[in-house]
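Protein sequences, first through last, are from chains A and B.
Its first residue numbered 6, the first sequence is counted upward by one per residue in our numbering.
Its first residue numbered 2, the second sequence is counted upward by one per residue in our numbering.
Cβ coordinates follow ideal geometry from the N, Cα and C atoms, glycine included.
A short worksheet on the structure shown next.
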Amino acid sequence: MYPCDNLGLSCYNQLTMEGLINGKAGYFGVRIVELILTLFVVSFFTFAAFSIIPGDTARVVLGPNATEAQVENYRKQTGLDKPVAERYGDWIRGAVTGDLGESVSFRKPVSELISSRLPVTLGMSAIALIMVIVISYPAAMLSSRRPGHALDHILSVFGHVIFAIPPFVLSLLMIVLFANLFGFISIGRYAAPSEDFAQFLSCMLLPSLCIALPKIAMTFKFLRASMIEERASGYVKTAKSHGLSDVRIMVRHVLPNSSVSTITVISLVLSDILGGSLIVEQVFNLPGLGRLLLRAISVRDFPLLSGMVLYLAVITVVLYFIADIAAAMIDPRQRLSERARP
Amino acid sequence: MKNILEVRGLSLSFPSKRSSAVKVLDDVSFNIRDGEIIGLIGNSGSGKSMTALSVADLLPETASVEGGQILFDGEDITKMKPKDRRLLLGDKIGMIFQDPMTALDPLQTIGRNLDEVLQIRNIPVRERKDRIIEMLKTVGFIDPEGVYKRYPHQISGGQRQRVLIAGAALLHPRLLIADEPTSSLDSVTTMSILKLLKSLREKLNMTILFISHDLYVVRNFCDRVMVMKDGKIVATDNTEEMLTGTNNAFIAEMLAKSRLDPSELLLDMPSVDYSGSPILNVKDLVAGYSSGILSRKARTKTLKEISFDVYPNEIIGVIGSSGCGKTTLAKTICGLMKPTDGEIRMKEGMGLGVVFQDPGSCLNPSHNVRWHLREPLIASGSKLSPEEQDKVIRRVLEDVGLEQKHLGRYPSQLSGGQRQRVAIAMCLVLEPSLIIADEPFSSLDAVLAASILKLIAKINRERKTAIILISHNMRIVRAMCKRVIVMSKGRIVEEGLTGEVMKNPGSDVTRELIEAEKMLGGARQSSTGA
Numbered sequence: 006m007y008p009c010d011n012l013g014l015s016c017y018n019q020l021t022m023e024g025l026i027n028g029k030a031g032y033f034g035v036r037i038v039e040l041i042l043t044l045f046v047v048s049f050f051t052f053a054a055f056s057i058i059p060g061d062t063a064r065v066v067l068g069p070n071a072t073e074a075q076v077e078n079y080r081k082q083t084g085l086d087k088p089v090a091e092r093y094g095d096w097i098r099g100a101v102t103g104d105l106g107e108s109v110s111f112r113k114p115v116s117e118l119i120s121s122r123l124p125v126t127l128g129m130s131a132i133a134l135i136m137v138i139v140i141s142y143p144a145a146m147l148s149s150r151r152p153g154h155a156l157d158h159i160l161s162v163f164g165h166v167i168f169a170i171p172p173f174v175l176s177l178l179m180i181v182l183f184a185n186l187f188g189f190i191s192i193g194r195y196a197a198p199s200e201d202f203a204q205f206l207s208c209m210l211l212p213s214l215c216i217a218l219p220k221i222a223m224t225f226k227f228l229r230a231s232m233i234e235e236r237a238s239g240y241v242k243t244a245k246s247h248g249l250s251d252v253r254i255m256v257r258h259v260l261p262n263s264s265v266s267t268i269t270v271i272s273l274v275l276s277d278i279l280g281g282s283l284i285v286e287q288v289f290n291l292p293g294l295g296r297l298l299l300r301a302i303s304v305r306d307f308p309l310l311s312g313m314v315l316y317l318a319v320i321t322v323v324l325y326f327i328a329d330i331a332a333a334m335i336d337p338r339q340r341l342s343e344r345a346r347p
Numbered sequence: 002m003k004n005i006l007e008v009r010g011l012s013l014s015f016p017s018k019r020s021s022a023v024k025v026l027d028d029v030s031f032n033i034r035d036g037e038i039i040g041l042i043g044n045s046g047s048g049k050s051m052t053a054l055s056v057a058d059l060l061p062e063t064a065s066v067e068g069g070q071i072l073f074d075g076e077d078i079t080k081m082k083p084k085d086r087r088l089l090l091g092d093k094i095g096m097i098f099q100d101p102m103t104a105l106d107p108l109q110t111i112g113r114n115l116d117e118v119l120q121i122r123n124i125p126v127r128e129r130k131d132r133i134i135e136m137l138k139t140v141g142f143i144d145p146e147g148v149y150k151r152y153p154h155q156i157s158g159g160q161r162q163r164v165l166i167a168g169a170a171l172l173h174p175r176l177l178i179a180d181e182p183t184s185s186l187d188s189v190t191t192m193s194i195l196k197l198l199k200s201l202r203e204k205l206n207m208t209i210l211f212i213s214h215d216l217y218v219v220r221n222f223c224d225r226v227m228v229m230k231d232g233k234i235v236a237t238d239n240t241e242e243m244l245t246g247t248n249n250a251f252i253a254e255m256l257a258k259s260r261l262d263p264s265e266l267l268l269d270m271p272s273v274d275y276s277g278s279p280i281l282n283v284k285d286l287v288a289g290y291s292s293g294i295l296s297r298k299a300r301t302k303t304l305k306e307i308s309f310d311v312y313p314n315e316i317i318g319v320i321g322s323s324g325c326g327k328t329t330l331a332k333t334i335c336g337l338m339k340p341t342d343g344e345i346r347m348k349e350g351m352g353l354g355v356v357f358q359d360p361g362s363c364l365n366p367s368h369n370v371r372w373h374l375r376e377p378l379i380a381s382g383s384k385l386s387p388e389e390q391d392k393v394i395r396r397v398l399e400d401v402g403l404e405q406k407h408l409g410r411y412p413s414q415l416s417g418g419q420r421q422r423v424a425i426a427m428c429l430v431l432e433p434s435l436i437i438a439d440e441p442f443s444s445l446d447a448v449l450a451a452s453i454l455k456l457i458a459k460i461n462r463e464r465k466t467a468i469i470l471i472s473h474n475m476r477i478v479r480a481m482c483k484r485v486i487v488m489s490k491g492r493i494v495e496e497g498l499t500g501e502v503m504k505n506p507g508s509d510v511t512r513e514l515i516e517a518e519k520m521l522g523g524a525r526q527s528s529t530g531a
């Protein structure tokens, strides 16, 4: 036998984490602490910012005709007279138990308001995400197969065009194109999923596409670059020297490898979509989170605003967390760092 | 003897829109006999890799074949259907490449990486695994089942090259093309890979086309040698005749240029006073990489209780295989890494310079050579006027063998050897009394590597600069260093005058390094005719 047991590159240990079990628990532990810390910092700063900016909640609620005494009284009742730190403490205690307070403009619990708007945003996000993946992956595969060729140029130009058109123009274009010309997609008649699921889906399609298109262009561009890079790597050369076909190399090797870095981009895209798209909701007249946020800002509805910012922060941080775990699932280098010796 | 491969009049070029096409292969013709190991040598850019890639049909898309025949077993494979030609790879022709670190899909286990070769040829699952395990055993793995389940990052570079050889040999191809398979491996690993290839030839009855830039590697390994220069095959002969007879001018020149003669280099070196005070004193040095969030304590110690002295004017060698801690030692001494324990003391008023392995990545691509040479002066707060700075830069430039015209060039406009010279010049402008050279030649071909080593010897001689030369190659250390430190697994296992360490090696690591040197060119005196 050959002395290959002692050819070890022991320095590889240095660059990696501890063994499988140790490292995994430690890694996820750190990430969860990071996650909670981020949520605290984000929520505190938004809460603090809303207390500094001009605009008085009590005045907004009671109207310009209320007397100073009435305003003062309202403040005492709702606890607005307490210092910021104390109010934040009260609020975050409630938030942990799921109570985000009551919206002053809607006079309804904030959590109820957010959850009632969630189906629209979740529905659009899910459909848009599917569109992003289903379209950008094949396009990037086609494009990266022969960079610089006609098809690559056509796809790239097309990508730039949809990326460059402002969303509201894109939305209007879509309406004209699909609803007026083809007429099979309903617009403006929103139905809750519990009432009429088919109608819900059909009125989601077009807005989802409008949200998805720029994201498709972005994901495509990123994936294309990543795939071109992966195609030049050593393992592709090895696979070719084993007699593997181009298609197989693309699907079995290039695709998973370029996905490792693309997952982060997709999580960015998704957190963007889940925040609600103000413009698309406005154009298509959908009761989503974007419009709720706009309303909350315009009437200085602080409880609602704080609740929504917390929601956005949670979504973003949790998505990053999921993206990291997904990348670790695909990539054994992030999952198994122990250098075992055969 | 029957020819397994005949290449006739092969011409290849890279068409370019602006200028005339760049001719890479010019009417290349050669034969490979059944069962032989034939070497193909030449400097970087001579067209050796392109020749191999043409045979395997793995040329980059921009290349255009202008003519020629490639007969494999009497059949012209250039006229085959694309699918048949593709399946010929792996089936009849196996191939391995230079860099084993990136040549396996990092997301798949070794088993799955190899499995595909058989899967696309519709071999049943059960049989596939058995054949892979069998082949892994053949290439020298003691625990093939274990390796089968591992991921590429969990095994070393040498082991990866074995896996790749297993993949190439899985279907028992008639011809194995090895494109610089050992250039990125250390000398001990190189030796074991060459031994493996030789044994595989016997076991599987393979013919091997071995591509290399290193005459010393080819010498003890190949039956015949072909030499390429500027896209042409300039000589073909049996290895012994080729390398002993100096009737071919080009070979003679290549031999002379890549030769490192200790009797020549060492004699010229300034004398070293070992009784004086050392210029660098390293004591009980411990360093490593920590993985904790709060603690800085090293979990994995890469350096363990390292102690040694470096004296003025000397070239001291630090030798060891990949992963022994040589580079960490260099990084720790020059301050790029913090030691966790121990002391590093420089003699007062002495400057320290460092030159790293890869000259390409050490230079900033958006600045020219002049900027690179002025930057250290500015960063060190030099009080010289711009004119005086220019004077220093010009003198250093001359010392490293570059010309005035190179000052305005950018890294991308320089060759690998020139880039390494710039890196050395950057270190010289501050006139250090000690330079750490961490394998500054390992990414260069044999001729260029020798020229850089000669430059380092010249700097030592003329500037009286002490040098720590880090290498995995005993041949280089023997030619350059009076004193040597042998490292293994983060420790110094042996230290002493090079001649004595060579004569009475005190550790297995040293013996392995010496054995590797013997195999990779120990017969130097007899065959160079010097």
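Closer than 7 Å, Cβ to Cβ, to anything on chain A: give me those residues from the stretch 124-150 of chain B, in chain order.
Gly141, Phe142, Ile143, Asp144, Gly147 and Val148
Proximity winner among B:Ile156, B:Arg161 and B:Pro107, relative to glutamine 99 (chain B) (alpha-carbon distances):
Taking the first residue of the second sequence as position 1, residue 99 (chain B) is located at position 98. With distances taken between Cα atoms, glutamine 99 (chain B) lies closest to B:Arg161.
Which of the three DSSP states is assigned to arginine 329 (chain B) in this structure?
Here residue 329 (chain B) refers to the residue found at position 328 of the second sequence. Per the sequence shown, residue 329 (chain B) should be read as threonine rather than arginine. Threonine 329 (chain B): helix per DSSP, three-state reduction.
Is the separation between the beta-carbon of threonine 499 (chain B) and that of arginine 484 (chain B) shorter than 8 Å?
Reading the second sequence from its first residue, position 498 is the one you call residue 499 (chain B). Reading the second sequence from its first residue, position 483 is the one you call residue 484 (chain B). For threonine 499 (chain B) and arginine 484 (chain B), yes; Cβs fall inside 8 Å.
Which residue spans inside the stretch 16-83 of chain B form an unbroken alpha helix (DSSP H) run of at least 4?
49-57
What are the partner residues of glycine 354 (chain B), as DSSP defines its beta bridges?
As a first step, residue 354 (chain B) is located in the second sequence; it is residue number 353 there, counting from the start. Partner(s): B:Ile436.
Which whole-angstrom value describes the C-beta separation of cysteine 482 (chain B) and glycine 318 (chain B), a residue pair presumed to lie in contact below a C-beta threshold of 8 Å?
One-based indexing of the second sequence puts residue 482 (chain B) at position 481. One-based indexing of the second sequence puts residue 318 (chain B) at position 317. About 3 Å; that satisfies the 8 Å criterion.
What does a CB cutoff of less than 7 Å around tyrosine 325 (chain A) pick up in its chain, not counting 5 residues either side in sequence?
Within the first sequence, numbered from 1, the residue matching residue 325 (chain A) stands at position 320. The answer, listed in chain order, is Ser272.
Counting only C-beta atoms, is isoleucine 327 (chain A) closer than 8 Å to chain B at any point?
One-based indexing of the first sequence puts residue 327 (chain A) at position 322. Not closer than 8 Å to any Cβ of chain B, the Cβ of isoleucine 327 (chain A) fails to qualify, so no.
So, at 8 Å on beta carbons, what are the nonlocal neighbours of aspartate 251 (chain A) in its own chain, with the 5 sequence-adjacent residues on each side left out?
As a working note, residue 251 (chain A) is residue 246 in the first sequence. Cβ neighbours of aspartate 251 (chain A) beyond the five flanking positions: Arg150.
Listed in chain order, which residues of the stretch 217-249 of chain A have Cβ atoms closer than 9 Å to some Cβ of chain B?
Ser238, Gly239, Tyr240, Val241, Lys242, Thr243, Ala244, Lys245, Ser246, His247, Gly248 and Leu249
Alanine 179 (chain B) versus isoleucine 345 (chain B): straight-line alpha-carbon distance, rounded:
As a first step, residue 179 (chain B) is located in the second sequence; it is residue number 178 there, counting from the start. As a first step, residue 345 (chain B) is located in the second sequence; it is residue number 344 there, counting from the start. Each residue's alpha carbon lies about 44 Å from the other.
Could you tell me which chain B residues have their CB closer than 7 Å to the CB of histidine 258 (chain A), listed as they occur along the chain?
Translated into the one-based positions of the first sequence, residue 258 (chain A) becomes position 253. The answer, in chain order, is Asp106.
Starting from aspartate 116 (chain B), follow the alpha helix (DSSP H) in both directions and report where the run begins and ends.
Translated into the one-based positions of the second sequence, residue 116 (chain B) becomes position 115. Segment 111-120, the alpha helix (DSSP H) holding aspartate 116 (chain B).
Nonlocal neighbours in the same chain, by C-beta distance under 8 Å from leucine 44 (chain A), ignoring five residues either side
Here residue 44 (chain A) refers to the residue found at position 39 of the first sequence. Leu315, Ala318, Val319 and Val322, listed in sequence order.
Cutoff 8 Å: leucine 210 (chain B) Cβ touching any chain A Cβ:
By one-based count along the second sequence, residue 210 (chain B) stands at place 209. It does not; no Cβ of chain A falls within 8 Å.
Buried versus exposed, by CB contacts within 10 Å (16 or more), serine 21 (chain B):
Position 20 of the second sequence, counting from 1, holds the residue named residue 21 (chain B). That one is exposed.
For a contact meaning CB atoms closer than 9 Å, what does isoleucine 335 (chain A) contact in chain B?
Residue numbering aside, residue 335 (chain A) sits at position 330 when the first sequence is read from its first letter. Under the 9 Å cutoff, chain B gives Leu108.
Per-residue burial, histidine 368 (chain B) [other beta carbons within 10 Å of its own, 16 or more giving buried]:
Within the second sequence, residue 368 (chain B) is the residue found at index 367, counting from 1. Label assigned to histidine 368 (chain B): exposed.
Could you work out which residue in A:Pro69, A:Glu117, A:Val139 and A:Val66 is closest to alanine 222 (chain A) when comparing CA atoms only?
The residue labelled residue 222 (chain A) in the question sits at position 217 within the first sequence. If we check each option's Cα against that of alanine 222 (chain A), A:Val139 comes out closest.
Does the CB of glycine 321 (chain B) have a neighbour CB from chain A at under 8 Å?
If you number the second sequence from 1, residue 321 (chain B) lands on position 320. It does not; no Cβ of chain A falls within 8 Å.
Is the Cβ-Cβ distance between methionine 136 (chain A) and leucine 214 (chain A) less than 8 Å?
For this step, residue 136 (chain A) is matched to residue 131 along the first sequence. For this step, residue 214 (chain A) is matched to residue 209 along the first sequence. Taking 8 Å as the Cβ cut-off, methionine 136 (chain A) and leucine 214 (chain A) qualify as a contacting pair.
Using a beta-carbon distance below 8 Å, is asparagine 262 (chain A) in contact with chain B?
Position 257 of the first sequence holds residue 262 (chain A). Interface residue, yes.
Short check: CB of lysine 401 (chain B) to CB of alanine 438 (chain B), under 8 Å?
Residue numbering aside, residue 401 (chain B) sits at position 400 when the second sequence is read from its first letter. Residue numbering aside, residue 438 (chain B) sits at position 437 when the second sequence is read from its first letter. Checking the sequence, you will find valine at residue 401 (chain B) rather than lysine. Result no, Cβ atoms of valine 401 (chain B) and alanine 438 (chain B) do not sit closer than 8 Å.
Relative to the alpha-carbon of glycine 248 (chain A), which residue among B:Leu454, B:Asp116 and B:Ala480 has its alpha-carbon at the smallest distance?
Position 243 of the first sequence, counted from the start, is the residue given in the question as residue 248 (chain A). With distances taken between Cα atoms, glycine 248 (chain A) lies closest to B:Asp116.
Phenylalanine 307 (chain A) burial status per 10 Å Cβ neighbour count (16 or more: buried)
Position 302 of the first sequence, counted from the first residue, corresponds to residue 307 (chain A). By the neighbour-count rule (16 or more Cβ atoms within 10 Å), phenylalanine 307 (chain A) is buried.
Does DSSP put glycine 10 (chain B) in a helix, in a strand, or in coil?
Numbered from its first residue, the second sequence carries residue 10 (chain B) at position 9. Three-state DSSP puts glycine 10 (chain B) in a strand.
Mind checking arginine 243 (chain B): buried by the 16 CB within 10 Å criterion, or exposed?
As a working note, residue 243 (chain B) is residue 242 in the second sequence. The sequence given here has methionine at residue 243 (chain B), not arginine. Buried.
Contact check, phenylalanine 222 (chain B) vs alanine 236 (chain B) under 8 Å by CB: the rounded distance?
Sequence index remark: in the second sequence, residue 222 (chain B) carries index 221 (1-based). Sequence index remark: in the second sequence, residue 236 (chain B) carries index 235 (1-based). In fact, because the Cβ distance is near 18 Å, the residues do not count as touching under 8 Å.
Classification of threonine 224 (chain A) by the beta-carbon crowding that lies within 10 angstroms, buried from 16 upward
The residue you call residue 224 (chain A) lines up with position 219 of the first sequence. It counts as buried.
For arginine 355 (chain A), go through chain B and note every residue whose CB falls closer than 9 Å to its CB, in chain order.
Coverage of chain A is limited to positions 6 through 347, which leaves residue 355 (chain A) absent and any answer about it impossible.
Confirm, please, whether the CB-CB distance from glycine 295 (chain A) to serine 282 (chain A) is below 8 Å.
In the first sequence, counting from the first residue as 1, residue 282 (chain A) sits at position 277. In the first sequence, counting from the first residue as 1, residue 295 (chain A) sits at position 290. For serine 282 (chain A) and glycine 295 (chain A), yes; Cβs fall inside 8 Å.
Considering only C-alpha positions, which residue in the set B:Leu385, B:Leu435, B:Ser413 and B:Gln421 is nearest to leucine 281 (chain B)?
As a working note, residue 281 (chain B) is residue 280 in the second sequence. For leucine 281 (chain B), the nearest C-alpha among the options comes from B:Leu435.
By the three-class DSSP mapping on this structure, what secondary structure does phenylalanine 211 (chain B) have?
Taking the second sequence and counting its residues from 1, one reaches residue 211 (chain B) at position 210. Looking at phenylalanine 211 (chain B) - three-state DSSP - the assignment turns out to be strand.
Cβ shell of serine 231 (chain A) (< 7 Å), same chain only, five flanking positions each side left out
Residue mapping note: residue 231 (chain A) aligns to position 226 of the first sequence, counting from 1. Answer for serine 231 (chain A): Ser263, Ser266 and Thr267, listed in chain order.
Under 8 Å between the Cβ atoms of proline 271 (chain B) and arginine 462 (chain B)?
Along the second sequence, one-based indexing puts residue 271 (chain B) at 270. Along the second sequence, one-based indexing puts residue 462 (chain B) at 461. Going by C-beta atoms, proline 271 (chain B) is nearer than 8 Å to arginine 462 (chain B).
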